[in-house]
Amino acid sequence: MNHKPEVPDQPSKRDFLQVVLAGGVVAFLGAVLYPILSYLIPPKQAEVEVSSVKAGKLNEMEKDSGKIIKFGTKPVILIRTADGELRAFSATCTHLDCTVQYRKDYGTIWCACHNGKYDLHGGNISGPPPRPLDELRVVVQGDDILISKKT
Amino acid sequence: MKYYTLFIAAAMILALAPKESLFANDHCIECHQTAGDKPSELFKHDIHFQKGVGCSGCHGGNANAEDMEQAMDKKAGFRGVPKGDDISKTCASCHSSPEKMKSFGSSLPTNQWEFLQSSVHAKLSLKGKEHIVQCITCHNAHGIVPVKNSSSPVYPLNVVKTCTRCHADAAFMRSYNPSLPVDQLDKYRTSVHGLRNAKGDPKTAECASCHGSHNIRSAKDVKSKVYASTVPETCAACHSNVDYMKPYKIPTDQYEKYTKSIHGVALLQKHDQGAPACNSCHGNHGAMPPGVESVSKVCGTCHALNADLFSKSPHKKAFDERELPECEFCHANHEILPANDTLLGISPDAVCSRCHTDHENVKGYRSAGRMRQMLDSLEASERFAIHLVENAEQKGMEISEAKFKLREVRQARLQARTVIHAFNEEQFQTTIHQGSIVSLAIVQEAKNAVDEYYFRRIGLFIATLIITLVALLLYLYVRRMEKK
Amino acid sequence: MKPLLKRIYNWIDERVEIDGLVEYMGKKYVPVHRHSVWYYFGGVSLFLFIIQVVTGILLLLYYKSGEELAFESINFIMSKVQFGWLIRSVHSWTANLFILSAMIHMFSVYFEKAYRKPREITWVTGMLMFFLLLGFGFSGYLLPWNELAFFATKVGTDIAGVVPVVGKPLMIFLRGGTEVNGATLSRFFGFHVAVLPGLFTVFLGIHLLLVQRQGMSEPLHIKDESERKSMPFFPNFILRDLTLWLLVLNLLAILAVFFPWELGKKADPFAAAPAGIKPEWYFLYMFQTLKYIPGTLWFFDGEVLGILLFGIAGVLWTVVPFWDHKSSRGEQNRFVNYLGLFAVMYIILFTLIGWLA
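Residue numbers (the working numbering), protein chains in the order written: chain A, 11 to 161; chain B, 29 to 512; chain C, 1182 to 1538.
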């Protein structure tokens, strides 16, 4: 006789519960990890949009000299050439973000970190920097030097 | 015959003799007149004499005595010539007594001495022993006539001369109060009041009309008639009196209008001493405040920025050509109400539509319409932003930064109300635009805050569902495991 | 999946020989009886500790210590950092729930006399952890540098200074000076994130090791051997534990959303203390007791007496396994029960009084 003892269809029931449980656990882990991972992403600091900055007085800027100005949160280098012309560039080196400076003895803009050099039009002429420095607009209003973004 | 004519002559002389000889009792004046004494000459015309108050009424002594020494005996009460405050006290001995004045049938006030004593003229003179001013300083001593008498030094047409005797004397005034000006008369003569007064109009204002007569106080004194917040009342005493002002044919509603105006409310209700009264625009003694060419240009002395913007605007030339007063044309002169947005625009109640219509001065018409729209949209934007911020706040979300920024929007609206005086659409738009940008940012922040509020609750709901589900499943799993 | 796990297990076992340990753990059983529900509170406390470590580390990424920055950095976390509000509120709520759970755990162990031989060290390490836990609460409370925390710290360290002999040096040590200021904040920060966690972990390690090694204690009054029911620790008890932990986590989330933890006003050392200032609830019963002790008792200063009494009570409570010999012998100890009952009633009563006053 083929009298099989009643064996309930256990495997599929077990699988269903296990599957749903596993799914639930995954959903739970997601619900826990999502806030934590979002938390780890730094929030955007409201950057005050700076459009122009006063960079001092014309008579205080010697010929053949340069100085670093704060432009919002970024540094900017203001150059006065030997002819008296004023130019301004972003002072963040395009290589690895060090702050550049003016070297009178080289007659160029120079980066101390890896000896990168830029000419007085911001072009990268020597060393590791891959790109030129961004130029900004310089305007003289009366006695004041104003630096603003190039539109 | 000789004696008969002599008798007739004596009778005629007696009949025709001046009344004073009727007062057979008053020997003072008889003697003094005979002596050719000036005061007694003047006293003939004095009202006191006419009312029966003789020399002894002020000087004391025995008027009945013919003998000089008897008459001028100290024991008979002779006081001689009173000096210093005694002079005024002598006047006051009758003039401050209501009973005495009534007994002479006079209805004159009796508070003059009291007033004088608390007035600025009661300060001590240089000698340090008496008031600067006594009754006789203005009223004279012996020829006193009623105020209505045109020869009285205090008759309206003569008051100016009486006051300026001291007040136009720079050297004299310097010893008492160097900071007081001494050019009031010159200024006064340029004004309407001064011109009419010179022409002989006794109704027009002179010194006493505004400053008072006996109770003259410093303009800085709260009780003074010319104290800043009292000035409108003082001017209105004549200028709001319809009957009094009838012959002059000018309006009499200025005070009424002023009390409703923003300046009037500020001065009279809020007691802001900086707010202008009549004299601020019309001048104190002169017709204009110093340095101003006409009343229509006076607003700029306080509202400098608006006046400056206006003078650079295209309206300046247009108004001058049409001989229109500048500020007054849009803002009125006496009934200046708080400015609001309805002044601008193309609707009938906007001031622009007085000159700008869709077929007249059309460029300005269109510009006014656009500018009003800009103003309205910024106002609506501000209201919306406030509403959203309040909503977020009520939900307990952190929104203090956005709330602070609301001030900027308000400021843009206020600034627009100033910038409009340049009547430059581009400039106006820039000001409004700055406010709009901030307002939009605030709306966004508030929306984000409210969204976050709902996000948290929905997130919690979902997380609770998941956790409850997993907990339930785990429990079932364990139960099943344990059944085996 | 199974072959992979098996492969990893074998890889580790070949190097560390964990087979024996795993077999041993598999044999661990948890007694099942009328009072076995109390067994869960140790696990809940452990879970809450883990929550504190995780949320604490997350907060550390944005918190800035120092008078000028602390308050603002917490404001930043609450308003600008994504889910910062959740992490911070969970951390604050968990602190309170942790102490509550630890107290329930401690009292349930006490009344079951589970501290008796051979579990004396387990009890002592547990008590030490409890005191460290109070230290965690006290030091962490100051970190936002808000008004309430500032004055609570002032009062709390003042009380520490009252202890005879060691009081003043202790107070200066705690405050980093004579006054409560930025130095105190720095110090408390160091205690809270480094010193206390380190010490706590050591005692926790010992505690857990002993529990695993010795198994769960059974109540004294189990008469019949046949009545003894039990369940395997793995996976039954663990899974039940996890289920409860899930529900506790859900509770924390609900509390964080509907009852966010306040920040209040920034501390101003020159401002007057706000009216009705009182410590957090877990210190309230001691605070209230001190208020009721008269200024001087015989020749003792009232406050000193109060603190010493609590100190002595704490010590006696900690060494109860060593003076309760009856329980070690397996006998019922009515005195210990009454003492425990008195302690619980006292704490509840005085906490309520302090709250409602």
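Note that CB positions come from ideal geometry on N, CA and C, so glycine has one too.
Item: Assigned secondary structure, B/I244 (DSSP; H/G/I helix, E/B strand, else coil); Value: coil
Item: Neighbourhood of B/G424 by C-beta distance below 8 Å, restricted to the same chain and skipping five residues each side; Value: Y481
Item: Interfacial residues, the stretch 476-492 of chain B to chain A, with Cβ spacing under 9 Å; Value: G487, I490 and A491
Item: Status (buried if at least 16 other CB within 10 Å, exposed otherwise) for C/M1259; Value: buried
Item: Where C/V1361 falls, given that 16 or more other Cβ within 10 Å makes a residue buried; Value: buried
Item: Nearest-angstrom Cα separation, counted from C/F1317 out to C/E1301; Value: 24 Å
Item: Sub-7 Å separation of C/L1465 and C/G1521 beta-carbons; Value: no
Item: Cβ of C/L1309 within 7 Å of any chain B Cβ; Value: no
Item: Per-residue DSSP class, three states only, for B/F451; Value: coil
Item: Helix, strand or coil at C/Y1244 [DSSP, three-state]; Value: coil
Item: Cβ pair count under 8 Å reaching 3, the stretch 56-74 of chain A against the stretch 1200-1211 of chain C; Value: no
Item: Which listed residue (C/L1401, C/I1268 and C/L1380) has its alpha carbon closest to that of C/R1515; Value: C/L1401
Item: Identity of the residues DSSP links to A/A98 by a beta bridge; Value: A/L88 and A/L146
Item: Per-residue DSSP class, three states only, for B/L372; Value: coil
Item: Neighbouring residues, chain B, relative to C/R1409 (Cβ below 7 Å); Value: By Cβ distance, chain B contributes nothing, its closest Cβ being about 17 Å from C/R1409, past 7 Å.
Item: Continuous beta strand (DSSP E) stretch holding A/F81: start and end; Value: S75 to F81
Item: Same chain, Cβ closer than 6 Å to B/K285, five either side skipped, listed in chain order; Value: H362 and E363
Item: Classification of C/V1192 by the beta-carbon crowding that lies within 10 angstroms, buried from 16 upward; Value: Sequence check: residue 1192 of chain C is Trp here, not Val. That one is exposed.
Item: Minimum Cβ-Cβ distance from B/F338 to chain C less than 7 Å; Value: no
Item: From C/Y1291, C/I1353 and C/G1371, residue whose alpha carbon lies closest to that of C/G1321; Value: C/G1371
Item: Own chain, CB closer than 7 Å to C/G1337, minus 5 neighbours either side, in chain order; Value: F1319 and P1460
Item: Neighbour-count burial assignment, A/I135, 16 or more Cβ in a 10 Å radius; Value: exposed
Item: Cβ pair B/L70, B/H170 closer than 7 Å; Value: yes
Item: Rounded C-alpha distance that separates B/Q439 from B/Q462; Value: 10 Å
Item: DSSP-derived helix/strand/coil call for B/Q162; Value: coil
Item: Proximity below 7 Å, CB of A/P142 to CB of A/H124; Value: no
Item: C-alpha gap between C/L1185 and C/G1207, whole angstroms; Value: 21 Å
Item: Three-pair Cβ contact test at 8 Å for the stretch 70-82 of chain A versus the stretch 1206-1221 of chain C; Value: no
Item: Per DSSP, cross-strand counterpart(s) of C/N1327; Value: C/K1447
Item: Per-residue DSSP class, three states only, for A/I119; Value: strand
Item: Beta-carbon neighbours of B/I427, restricted to chain A and to distances below 9 Å; Value: The premise fails here: B/I427 is roughly 14 Å from chain A at the closest Cβ pair, so nothing lies under 9 Å.
Item: Residue from B/T496, B/S268, B/A236 and B/G105 whose Cα sits closest to the Cα of B/C191; Value: B/A236
Item: Backbone secondary structure at C/G1492 - three-state DSSP; Value: helix
Item: Contacts that A/G34 makes with chain B (C-beta to C-beta distance below 8 Å); Value: I494, L497, V498 and L501
Item: Residue-level contact to chain D via CB, C/L1229, 7 Å cutoff; Value: Among the protein chains of the structure shown, namely A, B and C, there is no chain D.
Item: Chain-ordered chain B contacts of A/A41 [CB-CB under 9 Å]; Value: G487, I490, A491, I494 and I495
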